[in-house]
Amino acid sequence: MSNQVQTAEGISARFICTANHGFAPYAQEELRRMFGAVKSTMLVSGEVFLATLPTSQGDAADLLQQTPPIFLRHLFPVHFEVNTEQQDIAFDQLFRFLLNHSALQEGSFSLQVRKTERSNFEGTSGVFKQHILSGIELLPAEHVIQDADLIVSVYLTEERLYAGVSRAEDNLSDWNGGAVRFQKEEGQISRAKFKLLEAEKTLDIPFSSFHRAVDIGAAPGGWTSFLLDRGLEVTAVDPAKMNPVLLNHPKLKYVSKNAGDVKFKENEFDLLVCDMSWSPKLMARLVTDLLYSLRSGGTAVVTVKLMHKKPMALIKEVTSVFEDSRMQIQRAKQLFHNRDEITLYMIKY
């Protein structure tokens, strides 16, 4: 199941890589810093690219798990590639490749498909997926929606068809393209809640294990509502108005002030969260000034707005501010729901 190629320069492996829209160049830079010289071709401007790494597929997966990237959201190895000028022939070749694949002769697999807007396949992604499943219905491995042994990834562009077989954990995300989809709930206060839902799953943050939280810049209350749903007592701080649905919640204390004007008890909280549309440096200064209220071993989850064209330098500067304030960075990640920001997951020591 390896896509490694022995060339005159040594072993290399190819991957379809995905980042949030506009952030692919930074994902490419992350790969260059990790693997040295990386050859890449942009497939969807600013979002999806084909990368050739100077290492084996297995070694690439190991390094990416040891040093999780910030901007690279998802990738899958390219084991099969064909020109789509004659589409029927291309699909027949894909079906033969998958039907004969040694790793798909037992166990289970999940099929993830994507296609670019300019691909020549007529029909939705759902129709595209069913077309492939029909072509490989004799495959011994069982097709399942969740908890599959392997992921079969297929990506169709205007000119090429790519496919690969890998484990979900080696793809960085078990969602198709790393695009995490949550269903909007009736009465949901804001889509900001999705950020914490995704952080809970992707960063493995045990929100339900906390007891007392402070939400800095809480209005209108998307993050507060999430924490209340997890059973926490929440102090929400913001001079702006909170959603009135929350105000009568027995575990909510609403402080209608600027966070810089509020005084808390020392070690009052075991969780601090902040999702404000502020300058990242001002946000870091505000949050660090309030860290006295977070007990040792407590967790902080904050978003960092990427407001200029040097996000890597900005992230380094902001994380240094937190590290100087006794915060250990667990993960820095641009989640699917972050858009033009990243999420920092930190623990106070």
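So for the sequence shown, the numbering used here puts the first residue at 2; every next one is plus one.
C-beta: ideal position from N, C-alpha, C; glycine also.
DSSP-derived helix/strand/coil call for residue i
i	result
L105	helix
R34	helix
I348	strand
R286	helix
S154	strand
P281	helix
P240	coil
K116	strand
D175	coil
K194	helix
I17	strand
R149	The sequence as given places Ala at residue 149; Arg does not occur at that position. It is coil, neither helix nor strand.
Q131	helix
K317	helix
F81	strand
S41	strand
F122	coil
R97	helix
G261	helix
F211	coil
I137	coil
L51	strand
G298	strand
V111	Note that residue 111 is Ser in the sequence shown here, rather than Val. In this structure, S111 counts as strand in the three-state DSSP scheme.
A164	strand
V322	helix
A333	strand
L307	coil
F1	The structure shown has nothing for residue 1, since the chain only spans 2 to 350.
F270	strand
E234	strand
D351	With the chain covering only 2 through 350, there is no way to say anything about residue 351.
I206	coil
Distance between beta carbons of residue j and residue i, contact taken as under 8 Å
i	j	result
K116	F122	6 Å
E107	P70	E107 to P70, Cβ: 32 Å. No contact.
S111	V145	6 Å
D239	A214	Contact flag wrong, Cβ pair sits at about 14 Å.
F16	F72	Contact doesn't hold; Cβ gap of about 14 Å is too wide.
E199	H338	5 Å
L273	I217	7 Å
L162	L95	6 Å
S109	A142	6 Å
R327	Y350	6 Å
I133	V114	6 Å
A61	A14	6 Å
L336	P281	That belief does not hold up - the Cβ atoms of L336 and P281 are roughly 16 Å apart, past 8 Å.
Alpha carbon of residue i to alpha carbon of residue j, nearest angstrom
i	j	result
R119	E86	13 Å
E20	L197	The identity of residue 20 in the sequence shown is Ala, whereas the question assumes Glu. Near 19 Å, if we compare the C-alpha coordinates of L197 and A20.
H80	S41	16 Å
G124	K252	49 Å
L229	D271	14 Å
W279	Q67	31 Å
R340	R192	12 Å
D276	E324	19 Å
S135	V128	10 Å
T304	Y156	31 Å
T56	D63	11 Å
N244	D89	54 Å
N172	G298	31 Å
W224	D93	48 Å
F24	G47	6 Å
E234	E318	32 Å
A9	E170	Any reading at A9 is ruled out, since the residue's pLDDT is 41, under 50, leaving its predicted position unreliable.
P221	V246	10 Å
A104	S167	9 Å
Q29	R74	11 Å
G179	F50	14 Å
T300	V322	16 Å
G59	A52	15 Å
L44	Y27	15 Å
S226	T236	11 Å
K266	K194	27 Å
M284	E160	45 Å
G165	E342	30 Å
L140	W176	23 Å
L295	V302	12 Å
L248	K264	21 Å
Problem set entry | contact_flag[the region 335 to 350, the region 196 to 210] where n(CB pairs < 8 Å) is 3 or more | Cβ pair count under 8 Å is three or more, so yes.
Exercise. Are three or more beta carbon pairs between the region 147 to 163 and the region 300 to 317 nearer than 8 Å?
Worked result: No contact exists between the region 147 to 163 and the region 300 to 317.
Exercise. Does the pairing of the region 166 to 184 with the region 208 to 216 give three or more beta-carbon distances under 8 Å?
Worked result: With the cut-off at 8 Å, the region 166 to 184 and the region 208 to 216 do not touch.
Problem set entry | Cβ pair count under 8 Å reaching 3, the region 256 to 264 against the region 279 to 296 | Two segments are said to touch when three or more pairs of C-beta atoms, one from each, lie closer than 8 Å; by this definition the region 256 to 264 touches the region 279 to 296.
Exercise. Counting Cβ pairs, one atom from each stretch, are 3 or more of them under 8 Å apart for the region 33 to 50 and the region 92 to 106?
Worked result: Output reads no: the region 92 to 106 does not touch the region 33 to 50.
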